[in-house]
Amino acid sequence: MRDFDPNEIIGQTVEGKAVTWAEIEHAVAELKKWLTVKLTTGACAKGLIFQLAGHYCRMPQQFRTRRLLADVHAVLDQIALMENSPMVRGIATKAAEPLRGGLKGLWHKHWFQAAFIATNLLNEMDKNGEMLLRKFLNAKFGREGWQGQLLTRRLAGELANVSSEGALSHRAGKDRQKSSRLTGEWIVYAKTPKRNIYLALAGHSETDADILERCRYAPTEFPELQNKAPFSDFEK
3 MRDFDPNEII
13 GQTVEGKAVT
23 WAEIEHAVAE
33 LKKWLTVKLT
43 TGACAKGLIF
53 QLAGHYCRMP
63 QQFRTRRLLA
73 DVHAVLDQIA
83 LMENSPMVRG
93 IATKAAEPLR
103 GGLKGLWHKH
113 WFQAAFIATN
123 LLNEMDKNGE
133 MLLRKFLNAK
143 FGREGWQGQL
153 LTRRLAGELA
163 NVSSEGALSH
173 RAGKDRQKSS
183 RLTGEWIVYA
193 KTPKRNIYLA
203 LAGHSETDAD
213 ILERCRYAPT
223 EFPELQNKAP
233 FSDFEK
């Protein structure tokens with residue numbers, strides 16, 4: 003592995019400022035400190051730490067069709083939730099699910115940040131918008147009593163609130179005592195009998211090959227993954 007010049011420029015921030023290798027190394031050191039309080043039994047692959055370091059330095063990443071600057075603390079807090087860490091500030095998201103196809107054997111969990119609010123609102127209103135609005139109107143005017151009501155400025159504001167804050171709360175399960183259905187992009191990880199091993203950030207639009215390439219060195223770092231799918235299929 004070649005040595006890196008600390009002053010070597012390796013990318014740019016979203017604002018167009020150059021980012022050096024020294025800044026990435028500093029970010030890695032900071033992230034390792036944070037992980038000591040976020041992890042309980044789990045471990046983070048070096049690839050994920052360096053991936054997060056780029057985002058910490060405000061370098062956006064291209065997830066196939068989506069260019070995104072990840073909120074590093076949102077990712078760390080989601081990991082803390084998965085670890086049952088006492089240092090939790092994260093927002094609960096949709097339950098973790100196993101991956102399929104070329105990634106079979108791995109799991110993914112959504113992390114949530116402000117950039118994902120619009121997509122979640124659109125999806126929730128598309129699925130449950132009419133129900134949420136009818137429920138509000140029936141509670142305010144009586145069942146079907148809202149028909150023929152004048153749309154005042156105040157009522158318009160209340161309906162807008164139902165369509166935004168109300169829809170987001172419903173999707174998060176806060177008003178139903180149910181599991182959150184908030185979605186974002188993915189934290190890809192492996193489950194082992196003793197711990198979770200967090201491997202990479204990934205996007206919905208990426209191919210299995212894209213994501214697997216990001217994880218391919220994990221078995222070298224964590225030998226318990228060598229005989230576990232999908233890594234067991236790698237050529238030795």
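The sequence shown begins at 3 in the numbering used here and counts up one residue at a time. Note that beta-carbon positions come from the ideal geometry of N, C-alpha and C, so glycine has one too. Given the structure is predicted, the values throughout are model-derived calculations rather than measurements.
Measuring alpha carbon to alpha carbon, tell me which of the options ends up nearest residue i.
i, options, result
"Arg60", "Thr67, Asp73 and Leu83", "Asp73"
"Pro62", "Glu27, Pro88, Ala20 and Ala82", "Ala20"
"Ala29", "Ile81, Lys48, Phe65 and Ala55", "Ala55"
"Arg69", "Leu227, Asp210, Glu226 and His206", "His206"
"Val190", "Asp210, Asn140 and Thr121", "Asp210"
"Leu71", "Leu83, Ala82, Ile81 and His57", "His57"
"Leu124", "Tyr200, His172 and Leu83", "His172"
"Glu10", "Ala120, Glu17 and Trp23", "Trp23"
"Glu32", "Glu223, Thr15, Phe65 and His75", "His75"
"Ile26", "Ser87, Lys142, Ile51 and Ile119", "Ile51"
Can you say whether residue i is buried or exposed, counting buried as having 16 or more other CB atoms within 10 angstroms of its CB?
i, result
"Asp79", "buried"
"Phe233", "buried"
"Arg91", "exposed"
"Lys244", "A question about residue 244 goes unanswered here, because the residues of the chain that appear run from 3 up to 238."
"Val77", "buried"
"Gln239", "Any property of residue 239 remains undetermined from this structure, which presents the chain solely from 3 to 238."
"Arg216", "buried"
"Met127", "buried"
"Glu208", "buried"
"Thr95", "buried"
"Phe6", "exposed"
"Glu85", "buried"
"Leu153", "exposed"
"Lys40", "buried"
"Gln228", "exposed"
"Gln115", "buried"
To which residues of the same chain is residue i closer than 8 Å at the C-beta, ignoring the five residues directly before and after it?
i, result
"Lys106", "Pro100, Ala231 and Pro232"
"Leu135", "Leu161, Val164 and Ser165"
"Gln53", "Gln63, Ala202, Leu203 and Arg216"
"Arg197", "Thr43, Gly44 and Ala45"
"Phe138", "Glu160, Leu161, Val164 and Gly168"
Check the DSSP bridge columns for residue i and list the partner residues they point to.
i, result
"Ala158", "None, per the DSSP bridge assignment."
"Gly273", "Nothing can be reported for residue 273, as the shown portion of the chain is limited to 3 through 238."
Using a Cβ-Cβ cutoff of less than 7 Å, which residues in the same chain neighbour residue i once the five nearest sequence positions on both sides are dropped?
i, result
"Met3", "With a pLDDT of 49 at Met3, under the threshold of 50, the predicted position of this residue should be treated as unreliable, though the coordinate-derived value follows. Once the five neighbours on either side are set aside, Met3 has no close Cβ partner at all."
"Lys193", "Trp109"
Spatial neighbours of residue i within its chain, please: CB distance less than 6 Å, with the 5 preceding and 5 following residues excluded, ordered by chain position.
i, result
"Thr67", "Ser207"
"Glu187", "Gly205"
Inset, instruction - Pick out the complete alpha helix (DSSP H) segments inside the segment 46 to 80, 4 residues or longer, and give them in chain order. - result: Fully enclosed alpha helix (DSSP H) runs of 4 or longer: 48 to 58.
Inset, instruction - Just list the alpha helix (DSSP H) runs in the segment 193 to 218, keeping only unbroken ones of 4 residues or longer that don't cross its boundaries, in chain order. - result: For the segment 193 to 218, whole alpha helix (DSSP H) runs of length 4 or above, ordered along the chain, are 210 to 217.
Legend entry - Secondary structure, alpha helix (DSSP H): runs of 4+ residues fully inside the segment 118 to 158: Qualifying alpha helix (DSSP H) stretches, in chain order: 119 to 143.
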